[in-house]
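Protein chains in written order, with our numbering: chain A, 38 to 498; chain B, -10 to 242.
Note that the Cβ used here is the ideal one computed from N, Cα and C, for glycine as well.
Computed from a predicted structure; not experimentally measured.
Notes follow the structure.
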């Protein structure tokens, strides 16, 4: 009887918490809607522009959708309520930052095309844009909105739809800054384009909603390095949306490296559309953030296309990382490879949800997916959820998820050769990350990232 | 060099070594033979410091220090080397990276200066020749995808790099064809010095045709039941282990 009584009280308390959470989320939703009105009035004189039109549509969808809760299947393992506890400022001025602060994050070897953003604002003084000529455009979004509005209108929000995704809706409503890249037909950009996002949060938390649009013409090739760094351990909320269009015979190598503040919140959505014979290589490295959710969706709408998605995450303390990937095979003779690996310590938590959809017409599809995790803490947790939805009958698809600890035999072997226990552990942890890091195309970038991971392992794990 | 006194070792409550006494001096080669399950590999692994073996009695002194007090890495730094019976595959750790770290830590401990990249490389090239290994091994992951023979040669190559005072070769001959066995034996013989010692743990006599031991010990049921010179190994080759077992059983009863 006693037990039963206490359970009822617990349930009542839960209902109470639930009601409170619900009220908070409703209030914060209204706060964003209210913010939008101020934002829209200030943004520019051209209220009738196409982009302003979709901003208004987006906020009205957001108003209907509201923020997701863990009761929604897509957000079951990621509770975003800590993100909603803060009122984030929309900043439109650049903080004072010295050249030296920025220089350390730039790969000097690739200096032709660098776009620097500080707290989400484009920093022209630190950027360098040397490629633009004729139809080739590498530009901050705010400039492109004036100069290439027709092209933007044809592509923006066509694949990252906001009608059923509240964070995409919020991004679309508030987006002002970001990157616009158009690589014309048969143009090959050898040197990686660097997109550098720096954060320097003061005591006032800020939010930003970067919006990127990358359009690659037939036969074009490019490499992009997107990196996120924090100059201070402050609170901020980065809600990014990127749309990538890969026409026939294109090749894009995209590296995303994220070393945000441990108090930062980050929601990202990257949506890719691939045509015939296109190749998309993605490497995503997540080290920072309090709560991080990456949505990566690829729609393979062409034959003989190839998609490679690689990811590595290193999380400790109370960090939470959620990688949602979605590959849609719509056409025959395509290949997709997916490998996500993570190391978790302390109470860190990771979610991996990988959906592979193979349409009835997508015969001869080869789709492979793997998620491997190294758990170093008794309280660390991983929820791995592979999902194959296959409607074609002549396909090769596989998926697997593993959770392991360090190999004791290998540790002993290394120690027997005089390597200290700490160094032996770090060697094996780096080795675990190796096959993902090996996919990084550029050696200086790979060495930099290896160094950051190694020093973090040394100090915090 | 090494002095083992009345060593008793248990695994999960079962006593495997029941009082081993063994003295190994600098410049000597000792072979430890015995039938399967006699405790040969246990002895090798206890010396290297493997945790799952519980030392319940006795002592081991290595170069004047209490070996049992030392962590595996310290034993290695003090100059004790184990050539593994089953070398471990470590994907993602290159041989070069592994050896550099190993050598640097060991040299630092011994008060030797760190090798620069050039010195390290030329040292490595020289030692690879000891076991007739190709330079391309250096860029591969440790033991990953190596054949059985390559793994064993790799152990001797590492021994050559680390220059230990005491090397314990745990069944290094097992699974080797005659050519690989000769290569391994030649490598080991080149590494013989007046100030180092080798313990060969083996089931068969054939390795001892190529590495001539000064002493041969027969381990049976956790005890050294016979000791002699290389003639003892030849005798075992001819007559097997049955006579050893019989004698041992008689002395117990």
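Between which two residues does the alpha helix (DSSP H) carrying residue i extend?
{"i": "residue 90 of chain B", "result": "84 to 98"}
{"i": "residue 137 of chain A", "result": "136 to 140"}
{"i": "residue 137 of chain B", "result": "137 to 151"}
{"i": "residue 167 of chain B", "result": "167 to 179"}
{"i": "residue 480 of chain A", "result": "480 to 497"}
{"i": "residue 471 of chain A", "result": "458 to 474"}
{"i": "residue 64 of chain B", "result": "61 to 67"}
{"i": "residue 449 of chain A", "result": "445 to 453"}
{"i": "residue 99 of chain A", "result": "87 to 102"}
{"i": "residue 219 of chain B", "result": "219 to 228"}
From what residue to what residue does the beta strand (DSSP E) around residue i run?
{"i": "residue -2 of chain B", "result": "-9 to 0"}
{"i": "residue 303 of chain A", "result": "302 to 311"}
{"i": "residue 197 of chain B", "result": "That residue, residue 197 of chain B, is in no beta strand (DSSP E); it is neither H nor E in DSSP."}
{"i": "residue 363 of chain A", "result": "357 to 366"}
{"i": "residue 210 of chain B", "result": "From DSSP, residue 210 of chain B is part of no beta strand (DSSP E); its letter is neither H nor E."}
{"i": "residue 36 of chain B", "result": "Run containing residue 36 of chain B: none in the beta strand (DSSP E); it sits in the alpha helix (DSSP H), 29 to 37."}
{"i": "residue 350 of chain A", "result": "343 to 352"}
{"i": "residue 12 of chain B", "result": "3 to 13"}
{"i": "residue 510 of chain A", "result": "Only positions 38 to 498 of chain A appear in this structure, which leaves residue 510 of chain A out of reach."}
Give a single yes or no on whether residue i has its beta carbon closer than 8 angstroms to a heavy atom of the ligand MG.
{"i": "residue 144 of chain A", "result": "You won't find the ligand MG in this model; it holds no ligand whatsoever."}
For residue i, which of the options has the nearest alpha-carbon?
{"i": "residue 170 of chain A", "options": "A:231, A:447 and A:219", "result": "A:219"}
{"i": "residue 379 of chain A", "options": "A:88, A:425, A:91 and A:323", "result": "A:323"}
{"i": "residue 161 of chain A", "options": "A:121, A:87, A:200 and A:232", "result": "A:232"}
{"i": "residue 291 of chain A", "options": "A:283, A:74 and A:297", "result": "A:283"}
{"i": "residue 57 of chain B", "options": "B:70, B:149 and B:35", "result": "B:35"}
{"i": "residue 182 of chain B", "options": "B:197, B:156, B:170 and B:173", "result": "B:156"}
{"i": "residue 72 of chain B", "options": "A:452, A:207 and A:212", "result": "A:452"}
{"i": "residue 364 of chain A", "options": "A:175, A:370, A:356 and A:395", "result": "A:395"}
{"i": "residue 66 of chain B", "options": "B:41, B:139, B:100 and B:81", "result": "B:100"}
{"i": "residue 141 of chain A", "options": "A:156, A:121, A:158 and A:163", "result": "A:163"}
{"i": "residue 457 of chain A", "options": "A:495, A:423, A:158 and A:427", "result": "A:495"}
{"i": "residue 85 of chain B", "options": "B:125, B:-4, B:224 and B:175", "result": "B:125"}
{"i": "residue 269 of chain A", "options": "A:238, A:87 and A:285", "result": "A:238"}
{"i": "residue 409 of chain A", "options": "A:383, A:165 and A:350", "result": "A:350"}
{"i": "residue 171 of chain B", "options": "B:192, B:102 and B:145", "result": "B:145"}
{"i": "residue 406 of chain A", "options": "A:248, A:397, A:417 and A:423", "result": "A:423"}
{"i": "residue 122 of chain B", "options": "B:26, B:108, B:141 and B:104", "result": "B:141"}
{"i": "residue 110 of chain B", "options": "B:98, B:129, B:130 and B:89", "result": "B:89"}
{"i": "residue 316 of chain A", "options": "A:255, A:188, A:475 and A:418", "result": "A:255"}
{"i": "residue 386 of chain A", "options": "A:480, A:393 and A:355", "result": "A:355"}
{"i": "residue 446 of chain A", "options": "B:38, B:28, B:13 and B:192", "result": "B:38"}
{"i": "residue 127 of chain A", "options": "A:472, A:390, A:273 and A:487", "result": "A:273"}
{"i": "residue 391 of chain A", "options": "A:371, A:434 and A:411", "result": "A:434"}
{"i": "residue 154 of chain A", "options": "A:166, A:91, A:247 and A:243", "result": "A:247"}
{"i": "residue -8 of chain B", "options": "B:131, B:54 and B:2", "result": "B:54"}
{"i": "residue 77 of chain A", "options": "A:202, A:186, A:213 and A:106", "result": "A:213"}
Name, please, each residue of chain B whose Cβ falls closer than 9 angstroms to the Cβ of residue i.
{"i": "residue 492 of chain A", "result": "Per Cβ cutoff of 9 angstroms: no residues; residue 492 of chain A is ~16 angstroms from chain B at best."}
{"i": "residue 277 of chain A", "result": "Those do not exist, as residue 277 of chain A stays about 31 angstroms from chain B at its closest Cβ, beyond 9 angstroms."}
Which residues of chain A have a Cβ atom closer than 8 angstroms to the Cβ of residue i, listed in chain order?
{"i": "residue 1 of chain B", "result": "In chain order: nothing, as chain A lies at least about 16 angstroms away."}
Along chain B, in chain order, which residues have C-beta atoms closer than 8 angstroms to that of residue i?
{"i": "residue 166 of chain A", "result": "By Cβ distance, chain B contributes nothing, its closest Cβ being about 38 angstroms from residue 166 of chain A, past 8 angstroms."}
{"i": "residue 460 of chain A", "result": "90 and 94"}
Identify the contact partners of residue i in chain A, using a Cβ-Cβ distance below 7 angstroms as the criterion.
{"i": "residue 114 of chain B", "result": "Result: empty, since nearest Cβ-Cβ is about 19 angstroms, beyond 7 angstroms."}
{"i": "residue 77 of chain B", "result": "446, 447 and 450"}
At a CB-CB cut-off below 7 angstroms, which residues of chain B make contact with residue i?
{"i": "residue 471 of chain A", "result": "81"}
{"i": "residue 449 of chain A", "result": "39 and 61"}
Kindly say whether residue i, judged by its beta-carbon, lies nearer than 9 angstroms to any beta-carbon of chain C.
{"i": "residue 24 of chain B", "result": "The chain labelled as chain C is not found among the protein chains of the depicted structure, namely A and B."}
Quick check for students: name the residue ranges of the beta strand (DSSP E) that lie wholly in the stretch 373 to 405 of chain A, counting only runs of 3 or more.
Within the stretch 373 to 405 of chain A, the complete beta strand (DSSP E) runs of at least 3 residues are 386 to 395.
Stretch-stretch touch, CB-based, cutoff 8 angstroms, three pairs: the stretch 2 to 18 of chain B with the stretch 461 to 468 of chain A:
With fewer than three CB-CB distances shorter than 8 angstroms, the stretch 2 to 18 of chain B does not count as touching the stretch 461 to 468 of chain A.
Which runs of the beta strand (DSSP E) at least 3 residues long sit entirely within the stretch 247 to 318 of chain A? Give them in chain order.
Counting only runs of 3 or more, we get 248 to 253, 258 to 267, 273 to 283, 288 to 296 and 302 to 311.
Taking only runs that begin and end inside the stretch 136 to 174 of chain A, name each unbroken beta strand (DSSP E) of 3 or more residues, in chain order.
150 to 155, all fully within the stretch 136 to 174 of chain A.
Could you name each continuous alpha helix (DSSP H) segment of 4 residues or more that falls completely within the stretch 176 to 233 of chain A, going from the start of the chain to the end?
As far as the stretch 176 to 233 of chain A is concerned, its whole alpha helix (DSSP H) runs of at least 4 residues are 178 to 184, 186 to 192 and 203 to 211.
Those runs of the alpha helix (DSSP H) which lie wholly inside the stretch 102 to 131 of chain B and span at least 4 residues:
Fully enclosed alpha helix (DSSP H) runs of 4 or longer: 106 to 119.
Does the pairing of the stretch 442 to 457 of chain A with the stretch 59 to 78 of chain B give three or more beta-carbon distances under 8 angstroms?
With a cut-off of 8 angstroms, the stretch 59 to 78 of chain B and the stretch 442 to 457 of chain A count as touching, because enough Cβ pairs lie within range.
Three or more C-beta pairs closer than 8 angstroms, one from the stretch 11 to 25 of chain B and one from the stretch 190 to 207 of chain B: is that the case here?
Yes, the stretch 11 to 25 of chain B touches the stretch 190 to 207 of chain B.
When you compare the stretch 147 to 161 of chain B with the stretch 109 to 121 of chain B, are there three or more beta-carbon pairs, one atom per stretch, that lie closer than 8 angstroms?
With the cut-off at 8 angstroms, the stretch 147 to 161 of chain B and the stretch 109 to 121 of chain B touch.
Tell me, please, whether the stretch 307 to 325 of chain A touches the stretch 211 to 225 of chain A by the rule of three or more beta-carbon pairs shorter than 8 angstroms.
These segments do not touch.
Inspect the CB distances between the stretch 180 to 198 of chain A and the stretch 108 to 123 of chain A and report whether three or more fall short of 8 angstroms.
With fewer than three CB-CB distances shorter than 8 angstroms, the stretch 180 to 198 of chain A does not count as touching the stretch 108 to 123 of chain A.
For the stretch 252 to 266 of chain A against the stretch 225 to 241 of chain A, are there 3 or more C-beta pairs whose distance is under 8 angstroms?
The answer is yes - the stretch 225 to 241 of chain A touches the stretch 252 to 266 of chain A, with three or more Cβ pairs under 8 angstroms.
Between the stretch 87 to 104 of chain B and the stretch 37 to 53 of chain B, are three or more C-beta pairs nearer than 8 angstroms?
Between the stretch 87 to 104 of chain B and the stretch 37 to 53 of chain B, the count of Cβ pairs shorter than 8 angstroms is below three; the stretches do not touch.
On the three-pair Cβ rule with 8 angstroms, is the stretch -6 to 5 of chain B touching the stretch 157 to 176 of chain B?
No, the stretch -6 to 5 of chain B is not in contact with the stretch 157 to 176 of chain B.
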